[in-house]
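Here the sequence shown is numbered in the working numbering, starting from 17 and rising by one per residue.
Reviewing the structure listed below.
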Amino acid sequence: SSPLSRSGVSPPSLEPSSSTLPFRNGVMLFMLSVSAEQLQRFKELLVEEDPSPGCTPLTWGQLKSARCGEVVHLLTEYFPGRRAWEVARDIFTKMNQTELCLQTQRELNEMLPNLEPEASSLRRRVLTLEEDESDKIREYKARVMSEHSTLCDRTCWPGNNVDFFYQEPWREDTLLQCLLLPRKPQGRQPGTVVLQGDAGVGKTTVANTLMLRWAQDTFYAHKGWLAFYLHCRELDRPEEQSFSELIAHKLSGSLALASRILSHPEHLLLLLDGFEELTLTLIDRPEDLSEDWGQKMPGSVLLTSLLSKRMLPDATLIVFLRSSLWKTVSPFLKGPSLIPLTGFSAPERSMYFRSYFKNRHDADAALSFATGNAVLFSMCRVPVTCWLVCSCLKRQMERGSGLPQAFPNATAVFAHYLSSLLPTRVRHAVGETHQEQLKRLCSLAAEGMWKNQWVFGETDLSLARLDERDVEAFLGVRVLRRAVAGED
17 SSPLSRSGVS PPSLEPSSST LPFRNGVMLF MLSVSAEQLQ RFKELLVEED PSPGCTPLTW
77 GQLKSARCGE VVHLLTEYFP GRRAWEVARD IFTKMNQTEL CLQTQRELNE MLPNLEPEAS
137 SLRRRVLTLE EDESDKIREY KARVMSEHST LCDRTCWPGN NVDFFYQEPW REDTLLQCLL
197 LPRKPQGRQP GTVVLQGDAG VGKTTVANTL MLRWAQDTFY AHKGWLAFYL HCRELDRPEE
257 QSFSELIAHK LSGSLALASR ILSHPEHLLL LLDGFEELTL TLIDRPEDLS EDWGQKMPGS
317 VLLTSLLSKR MLPDATLIVF LRSSLWKTVS PFLKGPSLIP LTGFSAPERS MYFRSYFKNR
377 HDADAALSFA TGNAVLFSMC RVPVTCWLVC SCLKRQMERG SGLPQAFPNA TAVFAHYLSS
437 LLPTRVRHAV GETHQEQLKR LCSLAAEGMW KNQWVFGETD LSLARLDERD VEAFLGVRVL
497 RRAVAGED
């Protein structure tokens, strides 16, 4: 269920449509319209199909809990090439689903002759683990579930955290199950997927959810993946390190187990996040990269080797990237499949406002004001911004102030929010005004925007004339957050 519904609000459901799906080039997306009963029958008939030559038959254990996207993935993996569409069409015929038969045949016709031939089907080597190694993997999964069970880091959001991540359940579920769908026109799974969006739209939340579902064996369980979440700060270190050492650190220091896993890269699912915190420069000379995951190397070489697939080319990468960094990172990616994360749709923004304001009259007034300012309402697609705007509007309405007079433009809303944090927690110097402190903070933010810089060191803070007390105070109200424990 969605966070807001857990708090007692049950807004009407929004159904997916072709205009809201972020992965329109995925194959067999029409399967998303199949009902639960139809999907169950489809799986029952699919398990009875004779496998393609050289392929092992599908088992009910693989299909039993598979969702639509995973069923499509299994179809294209066990019935390579055009055979997947022919099998799907035949099953829909048995189910008397004429429209789905036509859609299946139409998509097959559109994809020919670019569809990958049957011979291109991946033959995966079996990764066999010793009993003690399996125990270490179970321990690792338990740690993953503990670390990623909270959808957000509650130290970096102000106010009521639960409000921020309201999404219609179908959106998250559909996104995750279709994340690695084979793509048109070749009909093969992408080796690199990029989830791109503005700050705050939920990229890291998706990463947390994905890791949690992997640890619970509910994300593409049939693939037998071993998933690792890597924040760029883990690679952005002064000392050289090997990738095997980095993975071993996540496996309680077992370098032998890390080496065994890395020797089977087709079983690897790597999530790369936190590019906005990078201080290193990616390497643009291919000859400087390395394919040796056991070799110690600078973080810039290691990260670029992973992104470019020079290292571990058969691993599956999911990259979480801010829109502003796409031009910087995309030249290093090999055949990426881009999935935009747009945040709240316009209907969701309206639903959020109505959920936030319990009083219908207040909700109508706040929504009317927000929609009357195109810039402000557009910015509300970011969940934290939507919360911030609602909280500011509510505060003014409780005071009986007119919204147009209090907030003549979008900037006034954000200035109001920042200034509301200052009186009791931040201002410390005698005679110091809110405006002076805001100027220094905004100077730091503007410098970061111009330089595309999101992590600030001691020198940056000093140039902005923010002293230690300023920094501690802004950390206290969560305007700033620590990038690394013990450092600002």
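Cβ coordinates follow ideal geometry from the N, Cα and C atoms, glycine included.
Measuring C-alpha to C-alpha distances from Glu-282 to each of Ser-275, Asp-214, Pro-329 and Leu-262 identifies Pro-329 as the nearest.
For the pair of segments examined, the stretch 186-205 was found not to touch the stretch 300-308: the number of CB pairs separated by less than 8 angstroms stays below three.
In the structure shown, Met-44 falls within a coil segment according to DSSP collapsed to helix, strand and coil. Within 10 angstroms of the beta-carbon of Asn-224 lie 16 or more other beta-carbons, which makes it buried.
Counting only residues of its own chain and dropping the five nearest sequence neighbours on each side, Lys-59 has a CB closer than 6 angstroms to the CB of Leu-79. For Cys-84, same chain residues with a beta-carbon under 7 angstroms away, outside a window of 5 residues either side, are Met-47, Leu-48, Val-50, Leu-55 and Gln-193 in chain order. Burial state of Thr-72 is exposed, judged by a 10 Å Cβ sphere holding fewer than 16 other Cβ atoms. Under the DSSP assignment, Gly-492 falls in the alpha helix (DSSP H) whose first and last residues are 484-492.
Boundaries of the beta strand (DSSP E) harbouring Gly-213: 208-213, taken from the DSSP string. For Tyr-372, the enclosing alpha helix (DSSP H) begins and ends at 362-372.
Rounded to the nearest whole angstrom, the CA to CA distance from Val-103 to Arg-229 is 29 angstroms. In the structure shown, Arg-57 adopts helical secondary structure according to DSSP, grouped into three states.
According to the DSSP assignment, His-265 belongs to the alpha helix (DSSP H) that extends over 259-266. Arg-326 sits in coil when the DSSP states are folded into three classes, being neither helix nor strand. Relative to the Cα of Lys-152, the nearest Cα in the group Gly-213, Asn-112 and Arg-276 belongs to Arg-276.
Fewer than three Cβ pairs drawn from the stretch 357-364 and the stretch 318-329 lie within less than 8 angstroms of each other, which leaves the two stretches out of contact. The residues Leu-496, in chain order, have a CB closer than 6 angstroms to that of Phe-490 in the same chain once the five nearest residues on each side in sequence are set aside. For Leu-287, the CB contacts under 6 angstroms within the same chain, skipping 5 residues up- and downstream, are Ala-223, Tyr-245 and Ile-334 in chain order. In this structure, the CA atom of Gly-418 is about 14 angstroms from the CA atom of Ala-379.
Excluding residues up to 5 positions away in sequence, Ser-260, Ile-263, Ala-264 and Leu-267 lie with their Cβ nearer than 7 angstroms to the Cβ of Ala-274 in the same chain. DSSP places Pro-399 in the uninterrupted alpha helix (DSSP H) bounded by 399-414. Secondary structure of Ile-107 (DSSP, three-state): helix. Phe-393: member of the alpha helix (DSSP H) spanning 390-395, first to last residue.
Secondary structure of Phe-291 (DSSP, three-state): helix. A residue is called buried once 16 or more other Cβ atoms fall within 10 Å of its Cβ, and Asp-486 is buried on that count.
Using a Cβ distance threshold of 8 angstroms, Pro-201 and Asn-130 count as a contacting pair.
The residue from Arg-376, Leu-284, Val-317 and Leu-242 with its alpha-carbon nearest to that of Glu-255 is Val-317. Contact annotation, Val-43 with Pro-198: C-beta distance approximately 5 angstroms; criterion of less than 8 angstroms satisfied.
Counting along the chain, Phe-336 sits inside the beta strand (DSSP E) bounded by residues 332-338.
Note that the C-beta distance between Phe-393 and Ala-386 is below 8 angstroms.
At a Cβ-Cβ threshold of 8 angstroms, Gln-412 and Ala-426 do not count as neighbours. Annotation for Ile-355: the continuous beta strand (DSSP E) segment containing it runs 352-356. The beta carbons of Val-210 and Leu-404 sit no closer together than 8 angstroms. The alpha-carbon separation between Ala-100 and Tyr-94 amounts to approximately 8 angstroms.
Taken through DSSP and simplified to helix, strand or coil, Arg-199 comes out as strand. DSSP lists Leu-286 as the bridge partner or partners of Phe-244.
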